[in-house]
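Chain order of the listed sequences is A and B.
FYI, in the working numbering the residues of the first sequence are 5 to 304.
FYI, in the working numbering the residues of the second sequence are 7 to 283.
Remarks on the structure that follows.
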Amino acid sequence: MKQKRVSFKNEWNGILFALPAILGLLIFTLGPMLYSLYMSFTDYSGSNVPTFVGLDNYTRIFSGEDQYFYKSLRVTVYFVILSVPSGIIYSFLLALLLNRDVKGKAIFRTIFYLPSIVPIIAISFIWLWLLNPDLGLANELLGALGFPGSQWIFGEKSVVPSLAMMNLWTTGGTMIIFLAGLQDIPRSLYEAIEIDGGSRFDKLWAITVPMMTPTIFFNLIIGIINGFQIFAQAHVMTNGGPNNASLFYVFYLYREAFQFSRMGSASAIAWVLFIIIMALTFIVFKTSRKWVYYEGDGSR
Amino acid sequence: MRRKGWIENGLVYLVLLAGGTFSLLPLIWLVRSSLMDMGQIFEMPPVWIPKPFRLSNFSEALTILPFGKYFVNTSIIVLFTMIGVIVTCSLSAYSFARMKWRGRDLIFGLLLSSMMLPYAVTLIPTFVGWSKLGLTNTFIPLIAPAWFGGGAFNIFLLRQFYLSIPRELDEAAYVDGASHWRIFISIIMPLTKPALIVVGLFTFLASWNDFLGPLVYLNSESKYTLALGLQQFKGMYAAEWHLMMAAATVVLAPAIIVFFIGQKYFVEGITLTGIKA
């Protein structure tokens, strides 16, 4: 009898304590999701009464009637393909090196992490200046080394690679996650391979990489999700240009919603993004069974 | 054998130094450019030490636009966001970590999966909602979400910390008749102060660095944050690199200072988000 009363009280207390989060989920996530889904089937400018138009918004973007949809998709996928693997490899390499017994480890760790706390607007300013084709340090350094300069973010071909390189500059957080993962690998595994006379490379390939696959997997998913949502750089640095070469998906969506007041169409564009991200995450999850190693997982 | 080790070590330091230069050089270049005059900034080969140190760039850049006002605006948003997150996020995380109620795991699961939701999906309807309430061009849309759980990520982070506290502590107190509120205030909160600092620091940075939020919601200049002020500055003084760099340095400095104050907490927090993912 007493037991029951205690758990009853708990029930309401639990909900009461979590109430902010529950309300937040309803007001700022689930509610807007449903509203946005509804809007995506309407013609809505933000000030008129939404009129139901069925699948019009979707057919308009998929049929290519709005030429910018496929353009922005291509540009964004290109950015993700360039920035996600390079970011993971670069930060994994740094973490591997910092996991050794090097002097000044803490200082290096701080230095590598530092850029990732810089406000995005300041990051954009710094790189605008560094990558200026005529006056910037980047071309000056290339010139000093005997290389030709680049148009960087002002060249149609070079703008996305330049932004992917900028993205490398801010991968310090990923590096720290890798570093934490590396420190969790039991030393005994390495000792075992040493006894068998294994080389450095054997250790890396047979122990470190397999043991790190869950962390790599985590960073891969987060990287893809974030990569698809790049926005501020395009807004501040390139304004989508030159010639729409950096018209990233979210920038295109922002333009539709807030500059052209096409809220219905923008909602459809947002839902397509949502489905793309879900699908990619699902694919990564599915294939992860083949390459992610979990401790105590008998199937591998 | 010894020689091989020496070469290997050399290579390690070479890569680390190259990476370190890549990380630091842009920041150093920013600061040095912010202290030069228009002539010196373009000198080639590059000059590294400003001569003389032109501190007047800062006063000039900061008086062209009302950066003082922007600073106050940003601080108000950041402060109320931080308070909201710390209060409501810790309560919710306590509930998810230490209390049992029907539907708890379902709601926590929904919260976690909401992290995968692109902000673009909720941005538009949320904006429409606030504008129907007539609250765009106020700070409320930027602050309010923080008072409703403070984001799935923060709840997840705090919950991880709370789970690591031995159950016996609060169970004993509960049997002795202490209420959840009392346990939360006098046992959990003091024990997890570092965790709250982590969440506070992350929140500070996210709010201080936010660009899209103010861009969407604020449209009168007197309401602008530093990020928007800077953006506007770029439109007006695009060629005056020394002033632009000075203004950017001012926006960046508080983030760097806060980072160095809370450095050890940062690493702890990032580490926790990556483990057992």
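Beta carbons: idealized from backbone N, C-alpha and C, even for Gly.
- B/M122 reaches chain A at I229, I281, M282, T285, counting residues in chain order whose Cβ is nearer than 8 Å.
- Cβ-Cβ separation between B/P220 and B/A233: approximately 6 Å, consistent with a contact (criterion under 8 Å).
- For A/R104, no alpha helix (DSSP H) encloses it, and the DSSP letter there is neither H nor E.
- At least one beta carbon of chain B lies nearer than 8 Å to the beta carbon of A/G18.
- Residue contact with chain B for A/L29: present (Cβ-Cβ distance below 8 Å to some residue of chain B).
- Taking all protein chains shown into account, B/R108 has fewer than 16 neighbouring C-beta atoms within 10 Å of its C-beta and is therefore exposed.
- Annotation: Cβ neighbours of A/S271 in chain B (cutoff 9 Å, chain order): V127, I130, P131.
- For A/A249, no alpha helix (DSSP H) encloses it, and the DSSP letter there is neither H nor E.
- Secondary structure at B/T144: coil, using DSSP grouped into helix, strand and coil.
- As DSSP reads the structure, A/F264 sits in no beta bridge.
- Within chain A, E144 have C-beta atoms less than 8 Å from the C-beta of B/M50, given in sequence order.
- Taking a 10 Å sphere around the C-beta of A/A148, we find fewer than 16 other C-beta atoms and assign the residue as exposed.
- In this structure, the CA atom of B/M105 is about 19 Å from the CA atom of B/A201.
- Taking the CA atoms as reference points, B/H248 sits about 56 Å from A/E198.
- For A/V296, no alpha helix (DSSP H) segment is defined, and its DSSP state is neither H nor E.
- In this chain, the alpha helix (DSSP H) harbouring A/R64 covers 60-66.
- When C-beta atoms of the stretch 55-75 of chain B are compared with those of the stretch 182-201 of chain B, fewer than three pairs fall below 8 Å, so the two segments do not count as touching.
- Judged by beta-carbon spacing, B/P124 lies within the 8 Å limit of A/F278, meaning their Cβ atoms are closer than that value.
- Legend: CB atoms of the stretch 157-175 of chain B lying less than 7 Å from CB atoms of chain A belong to residues I161.
- Any Cβ of chain B closer than 8 Å to the Cβ of A/E198 would place that residue at the interface, and such an atom is absent.
- The three-state reading of DSSP puts A/F56 in strand, counting E and B together.
- B/L218 has a beta carbon lying within less than 8 Å of a beta carbon in chain A.
- When DSSP reads this structure, A/D47 sits in a beta bridge with A/T55.
- Per DSSP, the unbroken alpha helix (DSSP H) holding B/T128 starts and ends at 125-138.
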